[in-house]
Structures are given as C-alpha cells and as structure tokens.
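Colleague:
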DNA sequence: GTCTATACATCGATAGAC
DNA sequence: GTCTATCGATGTATAGAC
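Residue numbers (the numbering used here), protein chains in the order written: chain A, 1 to 204; chain B, 1 to 204.
#1: Can you tell me whether DSSP reads residue 176 (chain B) as helix, strand or coil?
#2: Starting from the beta carbon of residue 200 (chain B), find every residue of chain A whose beta carbon is closer than 8 Å, and list them in chain order.
#3: Report the residues of the stretch 110-134 of chain A with a CB closer than 8 Å to any CB of chain B, ordered along the chain.
#4: Apart from the five residues on each side of it in sequence, which residues of its chain come closer than 7 Å, Cβ to Cβ, to residue 2 (chain A)?
#5: By alpha-carbon positions, which one of B:113, B:77, B:20 ends up nearest to residue 137 (chain B)?
#6: For chain B, is any of its Cβ atoms less than 8 Å away from the one on residue 176 (chain A)?
#7: Have a look at residue 20 (chain A) and residue 103 (chain A) and give me their C-alpha separation to the nearest angstrom.
#8: Any C-beta of chain B within less than 9 Å: which residues of the stretch 154-168 of chain A qualify?
#9: From residue 22 (chain B) to residue 9 (chain B), what does the alpha carbon distance come to, in whole angstroms?
#10: List the residues of chain A whose Cβ lies closer than 9 Å to the Cβ of residue 102 (chain B), in chain order.
#11: In or out: residue 191 (chain B) buried (at least 16 other Cβ within 10 Å) or exposed?
#12: If you drop the 5 nearest sequence neighbours on each side, which residues of the same chain put their C-beta closer than 7 Å to that of residue 199 (chain B)?
#13: Under a three-way DSSP split, which group does residue 44 (chain B) fall into?
#14: If you measure from the beta carbon of residue 6 (chain A) to each beta carbon in chain B, is any gap under 8 Å?
#15: In this structure, how does DSSP classify residue 167 (chain A) when only helix, strand and coil are distinguished?
#16: Shortest alpha-carbon distance to residue 111 (chain B) belongs to which of A:128, A:40, A:168?
#17: Quick test of the definition: if touching needs 3 or more C-beta pairs under 8 Å, does the stretch 132-148 of chain B touch the stretch 82-97 of chain A?
#18: Tell me, please, whether the stretch 172-191 of chain B touches the stretch 164-183 of chain A by the rule of three or more beta-carbon pairs shorter than 8 Å.
#19: Would the stretch 37-46 of chain A count as touching the stretch 35-49 of chain B if we require 3 or more Cβ pairs under 8 Å?
#20: In chain A, which residues lie less than 9 Å from residue 172 (chain B) when you measure between Cβ atoms?
#21: Closer than 7 Å, Cβ to any Cβ of chain A: which residues of the stretch 50-79 of chain B, in chain order?
#22: Thinking residue 35 (chain A) and residue 55 (chain A) are a contact (beta carbons under 8 Å), I'd like their distance in whole angstroms, please.
#23: Leaving out the 5 sequence neighbours to the left and right, which residues in its chain are closer than 8 Å to residue 132 (chain A) when beta-carbon positions are compared?
#24: Within the stretch 80-143 of chain B, note down every full beta strand (DSSP E) run reaching 3 residues or more, in order along the chain.
#25: Note down the Cα distance separating residue 48 (chain A) from residue 193 (chain A), rounded to an integer number of angstroms.
#26: Any idea what DSSP makes of residue 37 (chain A), helix, strand or coil?
#27: Sort B:75, B:31, B:120, B:13 by Cα distance to residue 97 (chain B) and report the nearest one.
#28: What residue range does the alpha helix (DSSP H) around residue 28 (chain B) cover?
#29: By how many angstroms is the C-alpha of residue 33 (chain B) removed from the C-alpha of residue 101 (chain A)?
#30: Is residue 41 (chain A) close to chain B? Criterion is C-beta to C-beta, closer than 8 Å.
#31: Report, in whole angstroms, the separation of the C-beta atoms of residue 201 (chain A) and residue 196 (chain B), which I expect to be a contact under 8 Å.
#32: On a Cα-Cα basis, can you pick out the residue from B:163, B:107, B:140 that is closest to residue 187 (chain B)?
#33: Determine which residues of the stretch 19-48 of chain A have a Cβ less than 9 Å from any Cβ of chain B, and write them out in chain order.
#34: Spatial neighbours of residue 165 (chain A) within its chain, please: C-beta separation below 8 Å, excluding the five flanking residues on both sides.
#35: Return yes when the Cβ of residue 114 (chain B) is within less than 8 Å of the Cβ of residue 90 (chain B), no when it is not.
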C-alpha cells in the first residue's frame with residue numbers, strides 16, 4: 001500500500017468534511033463514500049473502521065490548529081504586536097474551516113483524557129517541553145511589557161474572545177444584526193476590537 | 001393525560017442528562033429509559049418520537065439559559081456592577097450544568113434558522129421587542145458610563161470570556177495547570193479577572 | 001484496488017397483553 | 001399507564017468477484 005495514495009487523500013478530505021459537520025455520531029460512512037466518489041467497502045479497505053477513520057481526522061485537525069498557534073509564538077518580541085498577530089493568524093485559520101473549533105470542543109469532551117497527549121506531542125515537535133503560551137506571557141511580565149496578570153486567566157479570556165465568535169457564529173448572526181463573520185473586513189475589525197479592549201487592561 | 005406527571009418529569013430529567021452528554025445523534029432511547037427507571041415503550045407513549053423529545057429538551061435548556069441572561073439586565077443601573085453581576089450569575093447557572101453551553105453551541109448549528117425564534121420568544125416573554133443586551137450597552141454609552149464601543153464586538157468579547165472557559169474546561173484543565181472550574185473560588189476569581197481586564201478598556 | 005451483494009448488529013418505533 | 005416482545009429501517013462491516 002502506498003502511503004498517501006490519491007484515494008486515501010480523497011477519503012480523508014471527504015471524511016473531514018462530514019465529521020466536522022455532523023460529528024462522530026452523526027456522520028455516516030455512506031455519506032463520506034459519496035463525497036469521496038467511491039463506495040463504502042473502500043473506506044474499510046483503507047481505514048478498517050469508522051473509529052479509526054475518525055481518529056485520523058481528529059488528530060489531523062487538532063494538530064493543524066495547535067501548530068498554527070505555536071508557530072506565531074516566536075514571531076515578534078513585542079507583546080502587543082504578538083497579540084495582534086495571534087488573533088489575525090488564528091482567525092484566518094479558523095474562519096474558513098467553519099466547523100473546526102465547534103467540532104473539537106464537542107468531541108474532545110467525550111474522549112479519554114490521555115488523548116490530551118496530542119497537545120504535548122505538538123509542543124514537543126516544536127521544541128517546547130512546557131506550555132509555550134504560558135511561557136510567552138510570563139516572559140512579557142518579566143520584561144515589563146505588561147503588568148503582572150494571572151497567565152491562566154488571561155489565556156482563557158483571550159482565547160474566548162477569539163474562538164467564541166467563530167464557534168457561535170450560526171446563532172450570533174441572527175441576534176447581533178449586521179454581523180457577517182465571512183466579510184472581508186471582519187478579521188481586521190475583530191483584531192482591533194480585541195486589542196482595544198484588552199490592551200488597556202494589561203499594559204504596564 | 002395529566003400535564004406534568006411524575007413519569008414525564010423523570011423522563012425529561014433523564015433525557016436532559018443524556019442529550020447534553022452525548023448530543024442528539026449519540027443519545028440512545030434505551031439509555032434514557034434506563035436512567036429514568038422505565039422502559040423504551042413508555043418514552044414513546046409520552047413523547048411520540050426521539051425528535052420530539054429532543055425538541056422539548058433543547059427548548060427547555062435554551063430558554064433556561066436565556067431567561068437567566070435577561071433577568072440580570074435590569075438589576076442595577078451601574079454598568080460596571082451590572083457586568084460583575086452578569087458574569088457571576090451566568091457562571092453560577094452554567095458551571096453546575098457542565099455540558100449545557102457545549103450542547104447548545106453544537107446542536108444549534110445543525111438546526112433550521114427559524115429555531116432562532118426561541119430568542120425572540122424569550123425576549124418577548126420578558127417584555128422586550130429588541131435584543132435587550134444591545135440596548136443595555138447603548139444606554140450605558142449614552143449615559144457616559146462607558147466610552148463609545150461597538151456593542152456587537154463587545155458582546156462577542158464578553159460572552160466569549162464567560163462561556164469559553166466553561167465549555168473548554170475538559171481540555172483546559174489539562175494544559176493550564178492548577179485550573180479547577182468547580183473550585184469554590186473559581187467564579188469569584190473569574191469575575192475579578194474579567195472585570196480587571198475589561199474595565200480599563202471601556203471606562204469613559 | 002475497486003466493485004456488488006450481503007451479513008450482522010443496533011436503534012427507533014409499534015403491537016398488544018395486563 | 002406500564003410492560004414484553006418484536007418489527008422494520010438503517011448503519012457498520014465483510015465476503016467474494018473482477
């Protein structure tokens with residue numbers, strides 16, 4: 001068996017689509033086969049079972065989004081500029097994959113805790129042994145770039161501001177008028193809104 | 001048929017548990033019956049179908065959390081104090097129901113847009129014809145209690161800070177050390193963290 | 001590798017006795 | 001109202017021809 005055959009890729013693409021949309025329980029092998037332009041039997045030939053196929057999709061998507069985060073960490077030494085880049089980069093990755101965060105948050109709560117190894121696997125692949133986001137914040141505090149804040153509380157706030165609007169977009173668009181996540185200007189507007197709100201609270 | 005028979009209540013309780021944990025697709029009528037201490041046939045006797053049972057559970061939970069929001073809106077005129085009460089009250093409602101927000105965000109994205117009528121139904125029941133959260137923010141701006149900010153952007157940020165930590169708790173607890181959402185002090189610590197971060201960004 | 005046909009399990013729903 | 005027994009549909013997985 002070739003490692004990344006054309007068919008295998010078509011299946012992974014289709015499976016990613018369906019799983020992200022319907023979730024593991026709602027996804028149907030038949031629908032994945034249809035979208036991949038093949039038949040059900042071939043799915044099992046390549047991936048043995050629905051469980052194994054799901055596992056691969058989840059791993060792929062999870063590592064994608066986490067690598068994305070880790071890569072921005074060392075881009076600039078200026079902390080405010082780092083936050084700006086972080087939001088922009090993260091939203092650019094997340095918004096086109098409309099269901100990604102919704103899917104991950106939903107599915108991860110049903111998993112065994114040992115699957116959190118994905119985090120540290122990815123950290124290690126990028127040369128970190130500890131949570132690098134916490135390290136980055138502590139460094140900014142030590143250097144006097146921001147005032148002393150609880151890194152954990154700050155991470156929860158900041159990630160929430162980035163992720164929630166994307167995840168809840170299907171509802172928000174109906175109750176917050178004129179909101180369009182996919183608008184060309186949305187990302188830059190969101191970047192500025194977050195930084196305006198946050199910076200005064202953490203600047204030294 | 002009595003309106004709220006004892007059995008009916010037991011079913012609703014069990015169904016709520018299972019649906020919030022497993023989602024609509026992952027939930028099994030058998031498991032709901034087991035947890036309610038009855039058999040499958042009785043489920044259909046009371047609720048006709050899984051769809052109808054789910055619909056009732058979703059409606060109940062959705063209205064619960066939305067009523068909770070609306071009630072705090074008119075508690076105080078001081079906007080900063082309002083924010084504080086909002087966070088506290090919301091977290092108190094959400095945290096004990098560990099899967100509530102995760103469930104709603106997940107399921108609502110799969111629904112027909114017309115189910116967003118639940119929002120305005122609840123708004124109307126409390127005497128509002130427009131989105132009352134936006135109104136509240138606009139009022140604070142008009143009165144000079146906060147500086148002019150985009151209400152939509154602010155709502156996304158603020159809700160994100162409240163909801164995300166609870167929804168993502170299963171992951172966060174593993175990568176943000178010493179974090180315990182269920183700790184007695186968590187809510188007050190979170191309240192202060194959010195207000196510290198936010199207030200400097202919006203005070204006049 | 002890819003297909004058709006089918007086995008096997010499970011789930012939602014109903015029939016019918018009490 | 002509540003139960004047992006079972007039907008019918010659907011979903012995952014496999015057997016076997018090509």
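Where a beta carbon is used, it is the ideal one built from N, C-alpha and C, also for glycine.
Modeller: With the structure as the only source:
#1: coil
#2: 200, 201
#3: Within the stretch 110-134 of chain A, the qualifying residues are 110, 113, 116, 119, 131, 134.
#4: Because the pLDDT of residue 2 (chain A) is 47, which lies under 50, any placement of that residue in the model is unreliable, and the question is left without a value.
#5: Nearest to residue 137 (chain B) by C-alpha distance, out of B:113, B:77, B:20, is B:77.
#6: yes
#7: In a straight line, the C-alpha of residue 20 (chain A) is about 5 Å away from that of residue 103 (chain A).
#8: 154, 155, 156, 157, 158, 159, 160, 161, 162, 163, 164, 165, 167, 168
#9: 20 Å
#10: 105, 106, 109
#11: buried
#12: 80
#13: helix
#14: no
#15: helix
#16: A:168
#17: As far as the Cβ criterion goes, the stretch 132-148 of chain B does not touch the stretch 82-97 of chain A, which means the pair count is below three.
#18: no
#19: no
#20: Within 9 Å Cβ-Cβ: 152, 155, 156, 159.
#21: none
#22: Not quite, the Cβ-Cβ distance comes to about 19 Å (not below 8 Å), so this is no contact.
#23: 70, 73, 123, 126
#24: none
#25: The C-alpha of residue 193 (chain A) is placed about 47 Å away from the C-alpha of residue 48 (chain A).
#26: coil
#27: B:13
#28: Careful: residue 28 (chain B) lies outside any alpha helix (DSSP H) and carries neither H nor E.
#29: 32 Å
#30: no
#31: 6 Å
#32: B:163
#33: 21, 22, 23, 24, 25, 26, 27
#34: 172, 181, 190
#35: no
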